[in-house]
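For reference, the structure is listed below as structure tokens.
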Amino acid sequence: MKTTVKKSALGKIAALGLTGFLAFTLPASDADAARLKSDVIVSGSEITLGDIFDEAGAASGVVIAESPVPGLTDTLSVSRISAAARRNGLDWRNRDGLTHISVKRTGLPVGTEEVRDVLAQALASRFPAISGSGVLEVEIAPGSAPILVAEGEIPSVSVDRYSVDTGSGRFVALLRAPANDPAAPVRRVMGRAYPALDVPVLTNQKSGGELIRASDIEWMRVPLTRLGQNMITDMNKLVGMTPRNGIRPGRPIRASDVETPVVVEKSSLVNVTFKSGAMVLSTRGTALNAGAVGDTIGILNDRSRRTIQAVVTGPGQAVVGSNDPVRLVSAQ
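Positions -33 to -1, 1 to 299 (mature numbering (1 follows the signal peptide of the UniProt record, and there is no 0)) are the ones given, in order, by the sequence shown.
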């Protein structure tokens, strides 16, 4: 009887030991099972089981789908993933009830400026109004996804085809990246194009009489539709001038907005020089009217009380050349 009890106790112990063994090994089996990744990012042209599963083991290199276009995200159905896992001996169960996962492909971006330049070159022939220093400005629609090429490729882009409304400038273009690769994926891009010109504008407020210097000027690209016929487009026609009235910064400037600064005020004293060959004579007089550099003004000779016509050369300075007719007028 005692022996029976011992055997029974041993049986219970054995049973408990077996139960403990199973309890110990099951979690280890779960730990070794493949786990589906929540965020999948790939760099190559194919999606493998190793890309979407942790612990895929020998099945890691099995291809189950093509990757999306570089820079874009695609979805992959879990039913397809489950079937591929079973075929390749992966121990995975969809405990979370997923229906699909997202897969994003990385790549190398094509610079925005390059995309705009390529589009401008393709569209320019449709805008005959562009001439001289004019350019075709291209704006890509806000929110457009960046264009990428596969890793290892040279970032470049070419226009496959396009349509454009030259009235509004709206366009739709199909681009290939890398450039001129017939096998490259096509990306659809929308935006607006318009002829423009770079014009000099002031960086700060200038009032009448203030001299405009080169350091006061920056360049701004302006649509041609905003430019009048007498807008200043040459910086040299602005430097050294002064506003007729106030000019605000960052605005295109008309030729009528500026004038040559007055360097000789009316009734001010002027040194007048007469040159003829090696002979140089000088005298002083009173300006009968104001003048800028290059203006011809009347000057009353303080001694003879006669008026001579002289060309203003600088502040308080004027000259009568040997080839200039000297007109003397008696003062009244």
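No residue lacks a Cβ here, since even glycine has one placed at the ideal position from N, Cα and C.
Mind reading off the beta-carbon distance from residue i to residue j? Whole number of angstroms is fine, and I expect it under 8 Å.
{"i": "G56", "j": "A32", "result": "With 8 Å as the limit, G56 and A32 do not qualify as a contact, their Cβ atoms being about 19 Å apart."}
{"i": "L191", "j": "A163", "result": "6 Å"}
{"i": "V29", "j": "L16", "result": "5 Å"}
{"i": "A254", "j": "E232", "result": "7 Å"}
{"i": "A89", "j": "Y129", "result": "6 Å"}
{"i": "G258", "j": "V279", "result": "4 Å"}
{"i": "S235", "j": "G283", "result": "7 Å"}
{"i": "G281", "j": "V247", "result": "With a Cβ gap of about 16 Å, G281 and V247 do not count as contacting."}
Suppose you measure from the CA of residue i to the CA of residue j; what does that come to, to the nearest Å?
{"i": "S174", "j": "R180", "result": "13 Å"}
{"i": "A(-6)", "j": "T73", "result": "Annotation note: pLDDT 40 at A(-6) (below 50); position unreliable, no value reported."}
{"i": "G110", "j": "G158", "result": "11 Å"}
{"i": "L(-12)", "j": "V156", "result": "Only weak support exists for where L(-12) lies, its pLDDT of 41 falling under 50; the value from the coordinates is given anyway. So the two alpha carbons sit approximately 60 Å from each other."}
{"i": "A(-3)", "j": "T40", "result": "Bear in mind that a pLDDT of 47 at A(-3), under 50, signals an unreliable position, so the number given afterwards is only what the model happens to contain. Their backbone Cα atoms lie some 30 Å apart in a straight line."}
{"i": "M202", "j": "P210", "result": "14 Å"}
{"i": "L43", "j": "A52", "result": "14 Å"}
{"i": "M208", "j": "S92", "result": "38 Å"}
{"i": "T250", "j": "I264", "result": "15 Å"}
{"i": "L(-8)", "j": "V9", "result": "At L(-8) the pLDDT is 41, less than 50, meaning the model places this residue with poor confidence; the figure from the coordinates comes in the next sentence. If you take the alpha carbons of L(-8) and V9, they lie about 33 Å apart."}
{"i": "S34", "j": "S69", "result": "11 Å"}
{"i": "L178", "j": "E185", "result": "16 Å"}
{"i": "N238", "j": "T200", "result": "36 Å"}
{"i": "A112", "j": "V153", "result": "13 Å"}
{"i": "S12", "j": "S125", "result": "21 Å"}
{"i": "W59", "j": "A(-1)", "result": "6 Å"}
{"i": "A285", "j": "K242", "result": "11 Å"}
{"i": "H67", "j": "V45", "result": "5 Å"}
{"i": "D132", "j": "I114", "result": "24 Å"}
{"i": "S49", "j": "I19", "result": "11 Å"}
{"i": "G136", "j": "A160", "result": "5 Å"}
{"i": "L267", "j": "P228", "result": "22 Å"}
{"i": "A117", "j": "K204", "result": "49 Å"}
{"i": "I(-21)", "j": "R47", "result": "The pLDDT assigned to I(-21) is 40, lower than 50, so where the model puts this residue is not dependable; a value taken from the coordinates is nonetheless given after this. In a straight line, the C-alpha of I(-21) is about 46 Å away from that of R47."}
{"i": "V230", "j": "Q276", "result": "16 Å"}
{"i": "D127", "j": "P95", "result": "22 Å"}
{"i": "Q196", "j": "R188", "result": "16 Å"}
{"i": "K71", "j": "P37", "result": "8 Å"}
{"i": "A151", "j": "V139", "result": "18 Å"}
{"i": "D63", "j": "D21", "result": "16 Å"}
{"i": "M198", "j": "D262", "result": "24 Å"}
{"i": "G101", "j": "V287", "result": "43 Å"}
{"i": "S182", "j": "G134", "result": "37 Å"}
{"i": "N61", "j": "G24", "result": "18 Å"}
Could you please give the first and the last residue of the uninterrupted beta strand (DSSP E) stretch that includes residue i?
{"i": "G281", "result": "273 to 281"}
{"i": "I97", "result": "No beta strand (DSSP E) holds I97; DSSP gives it neither H nor E."}
{"i": "Q284", "result": "284 to 287"}
{"i": "N268", "result": "263 to 268"}
{"i": "K71", "result": "67 to 72"}
{"i": "E33", "result": "30 to 33"}
{"i": "V7", "result": "7 to 9"}
Could you spell out the range, first to last residue, of the alpha helix (DSSP H) harbouring residue i?
{"i": "R47", "result": "45 to 54"}
{"i": "A89", "result": "79 to 90"}
{"i": "D18", "result": "16 to 19"}
Quick check: is the beta carbon of residue i nearer than 7 Å to any beta carbon in chain C?
{"i": "R193", "result": "Among the chains in the structure shown there is no chain C, since it carries only a single protein chain."}
Next item on the list: Would you check if there are 3 or more beta carbon pairs closer than 8 Å linking the segment 162 to 176 to the segment 213 to 220?
Entry: A contact is defined here as three or more CB-CB pairs under 8 Å, and the segment 162 to 176 meets this definition with respect to the segment 213 to 220.
Check: What runs of the beta strand (DSSP E), each 3 residues or longer, lie entirely inside the segment 184 to 257?
Finding: Every unbroken stretch of the beta strand (DSSP E) spanning 3 or more residues and falling wholly within the segment 184 to 257 is given here in chain order: 184 to 190, 229 to 231, 236 to 243, 246 to 254.
Notebook entry, point to check: If you scan the segment 105 to 166 from start to end, which runs of the beta strand (DSSP E) of 3 or more residues do you find wholly inside it?
Noted result: List check, beta strand (DSSP E) in window: 125 to 131, 137 to 143.
Note to self: So, does the segment 106 to 121 touch the segment 67 to 84, judging by three or more C-beta pairs under 8 Å?
What the structure shows: Yes: the two stretches touch, three or more of their Cβ pairs being nearer than 8 Å.
Notebook entry, point to check: How about the segment 265 to 278 and the segment 218 to 229: do they share at least three Cβ pairs that are nearer than 8 Å?
Noted result: A contact between stretches requires three or more CB pairs, one per stretch, nearer than 8 Å, and the segment 265 to 278 fails this requirement with the segment 218 to 229.
Check: At a cut of 8 Å, does the segment 143 to 152 reach the segment 114 to 121 through at least three beta carbon pairs?
Finding: Counting C-beta pairs closer than 8 Å gives three or more between the segment 143 to 152 and the segment 114 to 121, which meets the contact rule.
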